[in-house]
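In my numbering, each residue carries its 1-based index in the sequence shown increased by 17.
Ideal placement from N, C-alpha and C gives every residue a C-beta, glycine not left out.
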Amino acid sequence: MKQRTITAFFMIITLLPLAVIDHPIAEWGFFAVAIAFSIIGTYELINMMYQKSSSMKTFRYFVPLFSGVITALACLATKESGEIRFFNEYFIYHLYVLIAFLTFSAITLGLLIFKPHTTTKEVFGCLASLVYAGLIFGYAMSIRYLKPINLNQTLVELNGVKSFIYVYSIVVATDLFAYFIGIKFGKHKLCPEISPKKSIEGSIAGSIAGVVVGTTTAFLMKIVNPEANEIFLTVLVVLGLSAFLSITVQIGDLIASKIKRGYQIKDFSNLFPGHGGILDRFDSLLYAGIWFYLIVQITELLLMGA
């Protein structure tokens, strides 16, 4: 527990400022860290498969680089497309991400087909790694680069920093309360075949905490305007969004647990002593983050078309 606490402390003081400080240096620092984490996360997945199949040996080194490029393009696409207010120009930058993803997927597939002793499991495993630790990771981290959006004077300055703090607060609150309440009061298993220690009681507590903390953060960060004309409707929307994201936090955790159980490992790596690897730390944020990103982008597209 001591090692876990020390590691968590250093992670917070080194990584969190890059995510929450609204300054170009912090912005580009976060960009570099996102790329590095995407590369390492993909390596963790491919290396996990390598433990079961030696044919994955060389793929551990170049597939992660593909993910890093995809993550970089996703962040840049979000940053640049945020300046565009015309519907027909909006998809140009995101098209580059799609082209890169399809190109790297085609290269990976071609190399895998001609690799001796490669099974279908490894083929789809490599593609899943590009999707999970490249595409999803990249767009989840891109929350940091969302541009301000104003929805009828109700949502104010939903920019990257505020968005990241909002989503991350829900992730932390959900994870902490689900864990501690589950340990103390958990009696009914949530998904025993995937994660035996998770309980229904912990899940409910985590969801409630996520809603309360998320809604509170939305008001404290002035994402929600307390003087809006339709404040009751606004509160309902924020409560609903926070509840939805809290559920996705737990689903993201279960997805990672399912992957690890399939390969009979406890952690993806030991990069962070006491905490596991990149994907162990960011599994919940990835799934909640990608859903938040999609909701915001769809909302903005609807506003453009209106």
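- For glycine 294, the three-state secondary structure derived from DSSP is coil.
- In this structure, the CA atom of glutamine 281 is about 10 Å from the CA atom of serine 274.
- At a cut-off of 4 residues, not a single continuous stretch assigned as alpha helix (DSSP H) sits fully inside the stretch 255-302.
- Between leucine 82 and isoleucine 116 the beta-carbon gap is near 17 Å, outside 8 Å, which marks them as no contact.
- Secondary structure at serine 122: helix, using DSSP grouped into helix, strand and coil.
- Lysine 206 is bridged by DSSP to Ser216.
- Here leucine 33 is exposed: its Cβ has fewer than 16 other Cβ atoms, across all protein chains shown, within 10 Å.
- Separation of serine 224 and glycine 46 (C-alpha to C-alpha, rounded to the nearest whole angstrom) is 32 Å.
- In this structure, leucine 152 lies away from threonine 125, with their beta-carbon atoms at least 8 Å apart.
- In this structure alanine 157 is buried. Its beta-carbon is surrounded by 16 or more other beta-carbon atoms within 10 angstroms.
- Threonine 135 sits away from leucine 144, with the two beta carbons spaced by 8 Å or more.
- Within the model, the alpha-carbon separation for threonine 232 versus serine 286 is close to 34 Å.
- When C-beta atoms of the stretch 249-263 are compared with those of the stretch 35-44, fewer than three pairs fall below 8 Å, so the two segments do not count as touching.
- Separation of threonine 120 and leucine 93 (C-alpha to C-alpha, rounded to the nearest whole angstrom) is 18 Å.
- Collapsing the DSSP output to three states places isoleucine 38 in coil.
- Secondary structure at phenylalanine 131: coil, using DSSP grouped into helix, strand and coil.
- Bounds of the alpha helix (DSSP H) holding valine 140 are 137-147.
- Proximity to lysine 214 across Pro41, Met65, Phe54, Leu271 peaks at Leu271, based on C-alpha coordinates.
- Put simply, of Ser216, Ser84, Val188, Ala260 the residue whose alpha carbon is nearest the alpha carbon of serine 301 is Val188.
- Per DSSP, threonine 75 lies in no alpha helix (DSSP H) and is assigned neither H nor E.
- In this structure phenylalanine 79 is exposed. Its beta-carbon is surrounded by fewer than 16 other beta-carbon atoms within 10 angstroms.
- Taking the Cα of phenylalanine 54 as reference, the smallest distance to any Cα among Gly294, Phe27, Lys204, Glu97 is reached at Gly294.
- The Cβ atoms of phenylalanine 118 and isoleucine 160 lie no closer than 8 Å to each other.
- With respect to the 8 Å criterion, isoleucine 211 and arginine 298 are not classified as neighbours on the basis of their beta carbons.
- A Cβ-Cβ distance of about 19 Å is found for the pair tyrosine 162 and threonine 234, leaving them out of contact under the 8 Å criterion.
- Judged by DSSP secondary structure, tyrosine 156 falls within the alpha helix (DSSP H) whose first and last residues are 154-158.
- Residue state for glutamine 314 is assigned as helix, using DSSP reduced to three classes.
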